[in-house]
Structure formats: structure tokens, C-alpha cells
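Be aware that the sequence shown starts at 28, since it is given in our numbering, and climbs by one per residue.
Built from N, CA and C at the ideal position, the CB exists for glycine as well.
Everything below concerns the one structure shown next.
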Amino acid sequence: MSETREPTVFERISAGEIPAEMVAETERVIAFHDIAPKAPIHVVVTPRSGDHRDVVELAAADPALLAELVDVAHRVAGELADGQFRLVFNTGADAGQTVFHVHAHVLAGGLEEGSLAAG
Ligand code: 5GP
């Protein structure tokens, strides 16, 4: 983590300072149930480090870590649902991003057909 900023809420979850219902953990990535689910299965997948604010920054700086996020999302959707899922990266406040620590929403399990709505 950068020494010049406060830890993000997801870094605090990664450190165990804020409780969360974990569903997957790797060396660099965590996945946990969203506190305000917008779908029957709604899991947040995020790097342990909050050094990248959004998916555009992450893709430019560390594409392997972005690929690992997608891999963890796929695994979670296979374990908690039927392996099919919607993957949403809100990018920017006007797009609904509230936590500026890159994360994917994994939405699965009885989604409304055609809906793009997400947390
Ligand atoms: P965003 O709006 O930035 O795309 O997504 C942030 C997500 O993080 C929201 O869906 C919100 O419910 C979730 N969230 C924020 N704080 C916490 C928390 O402390 N615990 C958990 N489990 N989810 C959180």
C-alpha cells in the first residue's frame, strides 16, 4: 500500500480490520459477499492492494492482476452459482463507483434477463 494515503475500506477488509464474509482468497486477491447485495449472488472481487483506483488504471498497470480478478470471479460463480455470471466494474462516480479501489461485482443466480443493473 502507498504510504501517502489512508487505507481503503477493502484494504481494511483484506487486513481483517473490517469483517466480511469471504468466499475466496489468493495472495493478491480477495472475494467477499457484498454488504448490500443487488442480485441473489453478489460478490466483490478486489486486489488486496488499493493502489489502483479503477479497472482502467489496473489494466494499464498490471494486466496479470486484472486477469487474476477475472479468474477468481469465474471460480466464485462456479462455486456459488452455475458458473454463469455478470461482471461489473463501475468506473467513475457518475457510473456508480463509490469505493475508489478497483473491484469487480460478480452478479449471479437468477439475474433479470437483459438487465444491466448492478451495485
Ligand atoms: P461501487 O459502488 O464502488 O461499484 O461498489 C462498492 C461496493 O462495495 C458496494 O456494492 C457496497 O455495498 C460494497 N461495500 C462497501 N463497503 C462494504 C463493506 O464494508 N463490506 C462489504 N461486504 N461490502 C461493502
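Distance, Glu-44 Cα to Glu-11 Cα: There is simply no residue 11 to check, as the chain begins at 28 and stops at 146 in what is shown.
Neighbour-count burial assignment, Ala-120, 16 or more Cβ in a 10 Å radius: Taking the sequence shown and counting its residues from 1, one reaches residue 120 at position 93. With fewer than 16 other Cβ atoms within 10 Å, it is exposed.
For His-132 and Ala-145, the rounded distance between their alpha carbons: Here residue 145 is taken as the residue at index 118 of the sequence shown, counted from 1. Here residue 132 is taken as the residue at index 105 of the sequence shown, counted from 1. Its pLDDT being 49, under 50, Ala-145 is placed unreliably by the model, and nothing is read from it.
Burial state of Gly-77, where buried means 16 or more other Cβ atoms lie within 10 Å: Reading the sequence shown from its first residue, position 50 is the one you call residue 77. Result: buried.
Leu-114 versus Ala-100 - alpha carbon distance: In the sequence shown, the residue the question calls residue 114 occupies position 87. In the sequence shown, the residue the question calls residue 100 occupies position 73. Answer to the nearest angstrom: the Cα atoms are 8 Å apart.
Segment contact, 8 Å Cβ cut-off, at least three pairs: the region 80 to 87 with the region 55 to 65: no
Inter-residue Cα distance where the pair is Glu-38 and Glu-48: By 1-based counting over the sequence shown, the position of residue 38 is 11. By 1-based counting over the sequence shown, the position of residue 48 is 21. Straight-line Cα distance between these residues: approximately 15 Å.
Candidates Leu-92, Gly-137, Gly-123 and Phe-127, of which the one nearest Ala-104 by Cα: As a first step, residue 104 is located in the sequence shown; it is residue number 77 there, counting from the start. Per the Cα distances, Gly-137.
Which of helix, strand or coil DSSP assigns to Leu-112: Taking the sequence shown and counting its residues from 1, the one referred to as residue 112 is at position 85. Here residue 112 turns out to be Phe, not Leu, going by the sequence shown. Here Phe-112 sits in coil by DSSP.
Same chain, Cβ closer than 8 Å to Leu-93, five either side skipped, listed in chain order: As a working note, residue 93 is residue 66 in the sequence shown. So the list reads Val-82, Leu-85 and Ala-86, once near-sequence residues are dropped.
Ranges of the alpha helix (DSSP H) found wholly within the region 66 to 139, counting only runs of at least 4: 82 to 88 and 90 to 107
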